[in-house]
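Numbering (UniProt numbering), first residue to last: 1 to 102.
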């Protein structure tokens with residue numbers, strides 16, 4: 001019987017403390033002190049759209065479109081050319097260098 005008493009000793013002490021616990025009642029004033037009153041969020045401002053002004057829009061419409069073919073050639077700097085032959089030369093050079101590594 002001694003063994004049965006020691007097995008349940010901790011459980012009995014715990015249950016005794018739980019049954020003896022008397023929480024203090026909370027009042028409405030305690031609840032109000034621990035909470036914040038709800039305030040609806042402010043309405044967001046409408047975003048401003050770039051170029052919504054009439055003069056900015058008309059200035060944009062009057063600009064001339066720049067195309068790469070119309071770009072002026074400068075001296076001393078080579079303009080990139082888009083011929084298909086150059087693309088094949090680059091690929092052939094890459095294939096030759098790749099074979100040398102293996």
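For each residue, glycine too, the CB sits at the ideal point set by N, CA and C. Keep in mind it's a predicted model, so treat the numbers as computed, not measured.
Over what stretch of residues does the alpha helix (DSSP H) that includes residue i continue unbroken?
| i | result |
| --- | --- |
| residue 59 | 54-62 |
| residue 18 | 9-20 |
| residue 31 | 28-33 |
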